[in-house]
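**Q** One structure coming up, written as structure tokens, with questions to follow.
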Amino acid sequence: MAVVFERPKSLLDVPTHYCPGCTHGIVHRLVCEVIDEMGIEGDTIGIVPVGCSVMAYDYFGCDVIEAPHGRAPAVATGVKRANPESMVFTYQGDGDLAAIGTCETVHSASRGENIVVIFINNTIYGMTGGQMAPTTIPGQVTQTTPYGRDVKIAGYPLRMCEMLSTLDGVALAQRVSVDSVPHIREAKKAIRKAFENEKAKRGFSIIEVLSTCPTNWGLTPLEAIKRLQDEMIPYYPLGVYKDKEKLT
């Protein structure tokens, strides 16, 4: 019987710790499919910091380094400069990349470090129990905003792709989603483009993935997908915010 669908070889055959309905697994698979298709597993080094993906080193078949909270782009910078021919990517959540790690993210992008950043945006702190994140949408209820995020008190969410797209060192800034099959396919194309940019030494690429967190949203997996579609995508529009290759 012909095999039409199988686990990517660079995605290890082990149970994950993610909650039911969490979309981290989808993004892991897409990253690993791209690694397999490009034949770069042996040359790839992943950097994972603190957050829901803290144990991703157990799931990726390539070499993976654990970074302190928020410092993945700094660690990736050192790894890439020491091993310029390696393929280096970070895998970070919104609480990590856009809060404690904002400085490292912005300055790595500004310098045009030749790395790939996979940015998981689920608008909440997942690992620590559901507190407000930098990406929490106005009015969204969290553990630390029980009456909804009030922009007069907490300010407005950060739109990272829009912000980073203004920096000269950024080669690609694109926001995708994993709520449907067409969007998942588009997400894979974006991730592939980011890795191809790194291989071609074009600079910093960030792929922001709108994702769900059913547990901390207090929703079923199906309800969480609907919230992503009805609330998150309108506030965080999908699309390419910068593609340096098309500008040259």
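Residue numbers 1373 to 1620, in this note's numbering, belong to the letters of the sequence shown in order.
Even glycine gets a Cβ: it sits at the ideal position worked out from N, Cα and C.
Among all the DSSP beta bridges, which residues are the ones paired with S1482?
**A** Sequence index remark: in the sequence shown, residue 1482 carries index 110 (1-based). According to DSSP, S1482 bridges with nothing at all.
**Q** Taking one C-beta from the segment 1498-1508 and one from the segment 1456-1476 each time, how about it: are there three or more such pairs within less than 8 Å?
**A** Put simply, the segment 1498-1508 touches the segment 1456-1476. At least three CB pairs are less than 8 Å apart.
**Q** DSSP state of Y1463, grouped into three classes?
**A** Numbered from its first residue, the sequence shown carries residue 1463 at position 91. The answer is strand: DSSP assigns Y1463 an E or B state.
**Q** Can you tell me the Cα-Cα spacing of G1541 and S1482, whole angstroms?
**A** As a working mapping, residue 1541 is identified with position 169 in the sequence shown. As a working mapping, residue 1482 is identified with position 110 in the sequence shown. C-alpha separation (whole angstroms): 5 Å.
**Q** Spatial neighbours of A1448 within its chain, please: C-beta separation below 6 Å, excluding the five flanking residues on both sides.
**A** Locating residue 1448 in the sequence shown gives position 76, where the first residue counts as 1. Only I1419, V1460, T1462 and I1487 meet the Cβ criterion.
**Q** Residue range of the beta strand (DSSP E) that T1416 falls in?
**A** Mapped onto the sequence shown, residue 1416 falls at position 44. Counting along the chain, the beta strand (DSSP E) containing T1416 begins and ends at T1416 to V1420.
**Q** Can you name the start and end residues of the alpha helix (DSSP H) that L1600 belongs to?
**A** In the sequence shown, the residue the question calls residue 1600 occupies position 228. Segment: none, L1600 is in no alpha helix (DSSP H) and carries neither H nor E.
**Q** Helix or strand or just coil, what does DSSP make of D1522?
**A** Here residue 1522 is taken as the residue at index 150 of the sequence shown, counted from 1. If DSSP states are grouped into helix, strand and coil, D1522 belongs with coil.
**Q** Enumerated in chain order, which unbroken segments of the alpha helix (DSSP H) with a length of 4 residues or greater are wholly contained in the segment 1510-1584?
**A** Positions of the alpha helix (DSSP H) runs, each at least 4 residues long and wholly inside the segment 1510-1584, are given as 1523-1526, 1532-1536 and 1553-1571 in order along the chain.
**Q** Report the rounded CA-to-CA distance for M1532 versus I1492, giving the unit in angstroms.
**A** Here residue 1532 refers to the residue found at position 160 of the sequence shown. Here residue 1492 refers to the residue found at position 120 of the sequence shown. Each residue's alpha carbon lies about 11 Å from the other.
**Q** By Cβ distance below 6 Å, which residues in the same chain neighbour L1539 in space, the five residues on each side in sequence not counted?
**A** Numbered from 1 along the sequence shown, position 167 holds the residue referred to as residue 1539. The residues are A1481 and S1482.
**Q** Would E1580 and P1586 qualify as a contact pair, given that the criterion is a beta-carbon distance under 9 Å?
**A** Position 208 of the sequence shown, counting from 1, holds the residue named residue 1580. Position 214 of the sequence shown, counting from 1, holds the residue named residue 1586. No, Cβ-Cβ distance for E1580 and P1586 is not below 9 Å.
**Q** Using C-beta distances below 6 Å, list every residue in its chain close to W1589, excluding the 5 sequence neighbours before and after it, in chain order.
**A** Position 217 of the sequence shown, counted from the first residue, corresponds to residue 1589. Residues of the same chain with a CB within less than 6 Å of the CB of W1589, apart from the 5 flanking positions on each side, are A1596 in chain order.
**Q** At the level of alpha carbons, what is the spacing between Y1429 and N1569?
**A** Within the sequence shown, the letter at position 57 stands for residue 1429. Within the sequence shown, the letter at position 197 stands for residue 1569. Computed Cα separation, rounded: 24 Å.
**Q** Rounded C-beta distance between L1631 and R1547? I'm assuming under 8 Å.
**A** The requested residue 1631 is not part of the displayed model; the chain covers only 1373 to 1620.
**Q** Give the range of the beta strand (DSSP E) segment to which I1437 is assigned.
**A** For the purposes of this step, residue 1437 is identified with residue 65 of the sequence shown, where counting begins at 1. Segment D1435 to E1438, the beta strand (DSSP E) holding I1437.
**Q** According to DSSP, is Y1613 part of a helix, a strand, or is it coil?
**A** For this step, residue 1613 is matched to residue 241 along the sequence shown. Of the three classes helix, strand and coil, the one that applies to Y1613 here is strand, per DSSP.
**Q** With burial defined as no fewer than 16 other Cβ atoms inside 10 Å of the residue's Cβ, what is the status of P1380: buried or exposed?
**A** Sequence index remark: in the sequence shown, residue 1380 carries index 8 (1-based). P1380 should be labelled buried.
**Q** Do I1412 and K1571 have their CB atoms nearer than 9 Å?
**A** Locating residue 1412 in the sequence shown gives position 40, counting from the first residue. Locating residue 1571 in the sequence shown gives position 199, counting from the first residue. Contact: yes.
**Q** What three-state label does DSSP hand N1588 in the structure shown?
**A** Taking the first residue of the sequence shown as 1, we reach residue 1588 at position 216. Helix at N1588.
**Q** Under 8 Å: do the segment 1611-1620 and the segment 1520-1527 share three or more Cβ pairs, one atom per stretch?
**A** Taking 8 Å as the limit for Cβ pairs, the verdict is that the segment 1520-1527 does not touch the segment 1611-1620.
**Q** Along the chain, where does the beta strand (DSSP E) containing I1496 start, and where does it finish?
**A** Here residue 1496 corresponds to residue number 124 of the sequence shown, with the count starting at 1. Element bounds for I1496: n/a, residue is neither H nor E.
**Q** In chain order, what residues of the same chain have a beta carbon less than 7 Å from the beta carbon of Y1607, not counting five sequence neighbours either side?
**A** Start at 1 with the first residue of the sequence shown, and residue 1607 comes out as number 235. Answer for Y1607: I1509, listed in chain order.
**Q** On the CB-based measure, 16 or more other CB atoms within 10 Å of its CB, does S1552 come out buried or exposed?
**A** One-based indexing of the sequence shown puts residue 1552 at position 180. It is exposed - the Cβ of S1552 has fewer than 16 other Cβ atoms within 10 Å.
**Q** Cα-Cα, which of C1391, R1443, V1451 and P1456 is closest to H1479?
**A** Counted from its first residue, the sequence shown places residue 1479 at position 107. Nearest C-alpha to H1479: R1443.
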